[in-house]
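Numbering (our numbering), first residue to last: 29 to 734.
Okay, structure first, notes after.
Right under this line is the structure:
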């Protein structure tokens with residue numbers, strides 16, 4: 029049961045009389061005084077802001093504005109009518125998450141602007157300044173003569189003051205599944221990735237980057253740009269002006285309309301966010317993104333239990349089995365004509381095998397992909413509407429027996445809904461599909477949107493799909509269903525408002541390793557992801573691959589990490605649902621490393637980022653809720669390294685039995701990935717450890733109270 033929430037607020041309002049352009053700017057500083065944001069209007073009435081950190085300019089004059097399809101642009105000839113300041117301080121609790129208590133402390137500046145012409149349009153810009161960054165958004169109040177805003181483009185600028193080392197993926201309107209690039213900001217060329225050979229569907233119309241995009245300065249300052257509370261709006265990519273070291277918002281659009289966003293007044297945009305920390309660990313420890321979202325709107329979510337899970341998934345990527353059964357359409361109905369190929373993975377017998385394994389190994393769930401009809405016809409067919417049936421199982425999958433058996437074993441079945449991006453079909457069946465889950469006591473669904481969006485002309489990250497993804501989460505909550513979305517819109521902290529939005533993909537996942545060496549993820553991939561994509565929210569990466577080289581199935585591909593790193597990922601890459609993705613037989617053949625998966629938690633009291641550098645390495649320790657036990661994970665890129673850590677975060681005067689799963693002396697992600705050493709020692713808060721990580725390697729440690 030969730031502990032009682034406690035909140036403490038301090039609010040002070042200060043009104044500042046209207047001022048003319050050219051006078052002293054309106055400023056506000058973070059609670060610790062280290063970060064300052066100033067707002068002003070130039071002589072043409074154009075609004076802009078600046079950001080200082082430790083009295084050094086970090087964001088130079090960056091202008092704000094909008095373009096519309098049915099009205100003149102809004103961004104000049106503005107007058108500051110009023111500015112108000114507010115202080116806010118609360119502590120709220122995550123029902124599940126990286127920590128229990130979250131401090132939400134900021135200083136707020138709200139500036140009200142009005143056009144000085146006959147239209148007299150009004151807009152409000154609100155800045156919230158935290159110790160670790162800031163967010164700002166536009167608010168359009170109700171006003172006479174303006175009911176609907178048809179936004180052609182949002183003109184929000186971020187003017188940098190140095191040529192940062194930047195970790196970025198292209199501003200793709202359809203997917204986030206690119207490898208990260210590491211270049212100087214001035215060398216970003218997203219258009220070179222327009223025709224990426226490894227990706228099924230991409231649309232990259234601009235030299236822009238997707239967010240979060242993370243930057244490291246010459247003096248160690250770290251910045252990450254993203255957005256929070258993306259609701260009824262389009263995803264924001266950031267266009268690159270390399271010559272002027274400037275980024276400008278470029279919203280994801282649609283081929284079906286001239287405008288990119290349509291909103292009824294009053295409305296507000298998502299928050300535009302900049303995390304600013306003095307080191308890399310500070311980025312991961314920041315709660316800026318979730319804090320900028322509204323509190324829980326759906327109430328009690330104790331029906332969702334954070335869990336580890338196994339399932340019918342990895343075997344299909346390896347080619348051991350298939351999603352489809354082999355049915356044919358007869359008179360418009362999917363029919364068993366006796367031509368089933370016999371390689372179907374989601375059979376009653378096979379799923380029971382996963383249930384037995386999960387029940388025996390402290391694993392709470394089993395995911396079943398390929399259970400429902402339609403898989404024979406969804407790839408390569410342009411008209412995918414009506415193909416999938418989210419209520420009808422294949423003949424060899426007895427859903428009644430499977431769910432009965434799972435309940436008997438204390439394991440929950442995780443539903444799978446692959447929509448094939450046919451949104452109208454899924455929307456029509458959604459209530460029935462969630463109702464079926466509720467009937468069988470299923471509380472989690474993995475949804476997928478592989479392929480180009482239907483209706484034609486829409487993109488995965490445009491307003492149409494933002495609304496669809498969010499609608500699915502809101503509707504799922506009514507049926508006590510938690511959503512783990514794949515091929516999703518990016519995470520923007522809405523898990524605070526809708527805590528049934530438990531995880532999502534939204535990155536180049538583990539499955540790329542199964543497809544070929546050329547398509548696999550290099551060893552540096554996850555040490556970058558931890559400081560980029562993971563800043564947005566939980567990741568369903570599906571770790572825990574023990575058969576690194578895929579010897580039985582795919583000799584032309586492999587996982588580019590050591591076995592020790594696969595274990596460490598359960599701590600480093602956060603999600604409240606963590607898959608033990610490999611085959612049952614591979615785990616049963618390796619009971620000693622499997623012990624870490626049995627033991628490791630999924631729901632945390634607190635998290636500590638002990639060290640890290642973007643793209644190189646990271647070490648994270650997390651304390652499990654309820655038990656108070658600690659788990660540690662460290663991963664590195666293609667370079668071996670030695671890390672010294674202090675365990676002063678452990679409870680004082682408590683002894684822990686630590687089991688260390690580390691790379692062997694000859695371990696290497698390619699040459700010898702299975703070289704694993706397991707040691708057991710006693711530790712306490714005065715202990716220090718030296719971690720030796722092989723190339724592409726890692727360390728996983730369970731610290732259990734004596």
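Idealized CB from N, CA, C, for every residue including glycine.
Model, not experiment: these values are computed from the prediction.
Give me the Cβ distance between residue i and residue j, rounded to the nearest whole Å; I'm assuming they're in contact under 8 angstroms.
i, j, result
"residue 157", "residue 57", "7 angstroms"
"residue 194", "residue 218", "At roughly 11 angstroms, the Cβ-Cβ gap does not stay under 8 angstroms, so residue 194 and residue 218 are not in contact."
"residue 600", "residue 659", "That belief does not hold up - the Cβ atoms of residue 600 and residue 659 are roughly 10 angstroms apart, past 8 angstroms."
"residue 711", "residue 673", "With 8 angstroms as the limit, residue 711 and residue 673 do not qualify as a contact, their Cβ atoms being about 11 angstroms apart."
"residue 186", "residue 275", "4 angstroms"
"residue 76", "residue 68", "6 angstroms"
"residue 229", "residue 260", "That pair is no contact at about 24 angstroms."
"residue 485", "residue 730", "About 51 angstroms; that fails the 8 angstroms criterion."
"residue 422", "residue 374", "7 angstroms"
"residue 464", "residue 397", "Between residue 397 and residue 464 the Cβ distance is about 16 angstroms, and since that is not below 8 angstroms, they are no contact."
"residue 585", "residue 549", "With 8 angstroms as the limit, residue 585 and residue 549 do not qualify as a contact, their Cβ atoms being about 11 angstroms apart."
Got a sec, what are the start and stop residues for the beta strand (DSSP E) residue i sits in?
i, result
"residue 75", "75 to 81"
"residue 141", "129 to 143"
"residue 215", "From DSSP, residue 215 is part of no beta strand (DSSP E); its letter is neither H nor E."
"residue 712", "Residue 712 -> no beta strand (DSSP E), and no H or E assigned at all."
"residue 673", "669 to 674"
"residue 441", "440 to 446"
Could you tell me which residues DSSP pairs with residue i in its beta bridges?
i, result
"residue 726", "663"
"residue 188", "87"
"residue 471", "DSSP lists no partner for residue 471."
"residue 460", "Paired residue(s): none; residue 460 is not in a bridge."
"residue 423", "DSSP, once it has assigned bridges, lists no residue as partnering residue 423."
"residue 658", "651, 731"
Let's see if you can read the secondary structure: which residues bound the alpha helix (DSSP H) around residue i?
i, result
"residue 310", "308 to 313"
"residue 434", "427 to 437"
"residue 626", "619 to 627"
"residue 735", "Lying before the first or after the last residue shown, residue 735 is absent from the chain, which here runs from 29 to 734."
"residue 381", "376 to 388"
"residue 500", "491 to 506"
"residue 344", "342 to 346"
"residue 594", "591 to 600"
"residue 616", "612 to 616"
"residue 227", "Counting along the chain, residue 227 falls outside any alpha helix (DSSP H), and DSSP gives it neither H nor E."
"residue 553", "553 to 557"
"residue 542", "540 to 543"
Out of curiosity, what's the CA-to-CA distance linking residue i and residue j?
i, j, result
"residue 137", "residue 322", "18 angstroms"
"residue 726", "residue 677", "21 angstroms"
"residue 637", "residue 623", "24 angstroms"
"residue 539", "residue 368", "26 angstroms"
"residue 656", "residue 469", "30 angstroms"
"residue 257", "residue 391", "32 angstroms"
"residue 454", "residue 447", "6 angstroms"
"residue 570", "residue 107", "52 angstroms"
"residue 699", "residue 594", "16 angstroms"
"residue 32", "residue 121", "Because the pLDDT of residue 32 is 38, which lies under 50, any placement of that residue in the model is unreliable, and the question is left without a value."
"residue 402", "residue 492", "25 angstroms"
"residue 127", "residue 59", "22 angstroms"
"residue 714", "residue 640", "22 angstroms"
"residue 182", "residue 316", "22 angstroms"
"residue 703", "residue 558", "25 angstroms"
"residue 355", "residue 417", "13 angstroms"
"residue 246", "residue 722", "28 angstroms"
"residue 204", "residue 649", "28 angstroms"
Keeping to the same chain, check which residues put their C-beta closer than 6 angstroms to that of residue i; ignore five residues upstream and five downstream.
i, result
"residue 551", "588, 665, 666, 697, 724"
"residue 706", "620, 689"
"residue 79", "65, 86, 87"
"residue 434", "383, 441"
"residue 304", "81, 161, 251"
Suppose the cutoff is 7 angstroms on Cβ atoms and the five residues either side in sequence are ignored; what does the same chain contact list for residue i look like?
i, result
"residue 438", "387"
"residue 101", "93, 94, 95"
"residue 104", "72, 73, 74"
"residue 502", "526"
"residue 596", "661, 662, 663, 726, 727, 728"
"residue 555", "643, 644, 645, 646, 663, 664, 665"
"residue 376", "424, 425, 426, 429, 430"
Grab me the residues of residue i's own chain with a C-beta within less than 8 angstroms of its C-beta, minus the 5 sequence neighbours each way, in chain order.
i, result
"residue 216", "194, 196, 209, 235, 237, 268, 270"
"residue 575", "610, 611, 614"
"residue 91", "74, 75, 76, 103, 183, 185"
If you measure from the beta carbon of residue i to each beta carbon in chain D, is any gap under 9 angstroms?
i, result
"residue 732", "The structure shown contains no chain D; it holds only a single protein chain."
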